[in-house]
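Single-structure report; data block below.
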Amino acid sequence: MRYQHQWTGAIDHGSEIIVEAVSPDGPTRFNAKYLLGADGAGSAVRRSCDIEMIGPRSIQSFVMIHIAADFRRLVHPESGVIFFVVDPSSAGTFVSHGEDREWVFMVAWDPEAQPIDAFSTEHWSGIIRSAMVEPAAPFEVLNVSVWHMSAQVAQAYQQGRIFLVGDAAHRFPPTGGLGLNTGVADVHNLIWKIAAVEAGWLDAATLATYEDERKPVAVFNCEQSLQNAFKLIEIPIAFGFTQDIEASTHAMNSVLADDVGRAGVVAAIKNQAIHFDLLGLQLGHSYEGPLVIPDGIDALILDEPARDYVPSTRPGGRLPHAWLPDGGSTLDLIDPVVPTLLLAAGVERPSELVEFKVVVAECPAEIWRDAFGLSQSHCLIVRPDQHIAYRGDKSSWSDAMRRLMSAPAR
């Protein structure tokens, strides 16, 4: 770890990268095998590679008011971390970063028409107070900044030995919370491949599968996040809001005083469930390509693929979780560095193990049968990122490993 270093550039020589940075002692250089640009939405690494972001850069702008506050007495202890304020005069979103410590309040804003520098701290404090049920709750404004809601995915994830991961590779609307999950899965997908190349059992050309596997996931997650953002408009519509604050307040009071109106608001709120329930996106993504050997079984067609997750051992998908007798998970059986040959407990182990970089693990017979739907003659080869590379007869596992190890480029 090199603390207090600011990255300023890199030179890719093909076999290594010269990283340029500024430290407290001045400019410095050091060698690296690879460079992972995990430097956020405004990635300097991405800009240095002239990699374009595809999609709208600014769908809507917001001001984020960062405050120090203890709001525990204002919220239920199990009510969550996001609080939507639906009111014509003070609409916005509170996000808790520790109920007794720090919060942010986000409000739609036009920074070109109203530059934030033109307003005092008292102005921002007034916005917070107007959105609170109890204006007397004390708080301190720490910072005010503008951010732009984007829906973009990088045109390329790799340039030579330089890779983009996380927000450097994709910028989503926050509606769904998919940015962090997608970024973590990016790194999980990439680092085992780099380790395999460095260990000599995968060809460097297979690093191209990082973009091939992860970019389609990011595109799908980006589209879903954008749909979630647009879907939120159903709630102010149900209240009858317009650009006129006085008319909107009257409409809101009328809606809340009417049984049919209240039912419409409840329906609009319930219709946002997908915003918070995206297990299909989080766990159900599946890969294709040279590091996955298909077995001819088609994927299930789901009515709501973003929400619905059906555990499966189909190649390309994530190994299903099941609780082991010792309290661990089937996912804990998977080695984080080399592929895992997963067998039913008690079956004879194959003899060709010494030929391959592979770990053998046994799965309890009842889980193998009931949760995985496999017979004792089956085996799974699971990649270090917990995605299944092969499902088939265990007598053919060595052929499958040879195929994976000799996986061609795109």
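Residues in the sequence shown are numbered from 1 upward in steps of one, following the UniProt record's numbering. Where is the CB? At the ideal position from N, CA and C, for every residue including glycine.
Taking a C-beta distance under 8 Å as the contact criterion, Asp335 and Val359 qualify as a contact pair.
Excluding five sequence positions before and after Arg314, the CB atoms of its chain that fall closer than 8 Å to its own CB belong to Ser286, Asp295, Ile297, Ala299, Ile388, Arg391, given in chain order. For Ser23, the beta-bridge partners assigned by DSSP are Gly26. Annotation for Tyr390: the continuous beta strand (DSSP E) segment containing it runs 388-393. In terms of CA proximity to Thr330, Ala365 leads the group Gly346, Phe220, Gln282, Ala365. Shown here for Thr249: same chain residues with a beta carbon closer than 6 Å to its own, the five before and five after excluded, namely Pro88 in chain order.
If you ignore the 5 residues before and after Thr182, its C-beta comes within less than 7 Å of the C-beta of His170, Val217, Ala218, Asn221, all in its own chain and listed in chain order.
Nearest C-alpha to Ser406 among Asn189, Thr206, Phe71: Thr206. For His378, the number of other beta carbons within 10 angstroms of its own is at least 16, and it is reported as buried. The shortest CA-to-CA distance from Val95 to any of Val107, Ile82, Glu102 is the one to Ile82.
Beta bridge pairing from DSSP links Gly9 with Glu20. Contiguous beta strand (DSSP E) elements confined to the region 64-123 occur at 82-85, 92-96, 102-108, taking only those with 3 or more residues.
Contact check for Ala32 and Ile11: beta-carbon distance about 11 Å, past the 8 Å limit, so the pair fails to qualify. Taking a cut-off of 8 Å for Cβ pairs, the region 110-127 and the region 68-84 do not touch, as fewer than three such pairs fall below it. In this structure, the straight-line span from the alpha carbon of Asp303 to that of Pro311 is close to 15 Å. Per the Cβ contact rule, the region 227-240 is not in contact with the region 191-206 (fewer than 3 Cβ pairs under 8 Å).
Shown here, Ser48 sits in a helix according to DSSP, grouped into three states. Collapsing the DSSP output to three states places Glu352 in coil.
Thr330 carries a helical assignment under DSSP once its states are collapsed to helix, strand and coil. Put simply, of Asp370, Ser15, Ala371, Pro305 the residue whose alpha carbon is nearest the alpha carbon of Arg161 is Ser15. Nearest in C-alpha terms to Thr209, of all of Ala156, Arg46, Ala257, is Ala156.
Distance from the CA atom of Leu278 to the CA atom of Ser225, rounded to whole angstroms, is 10 Å.
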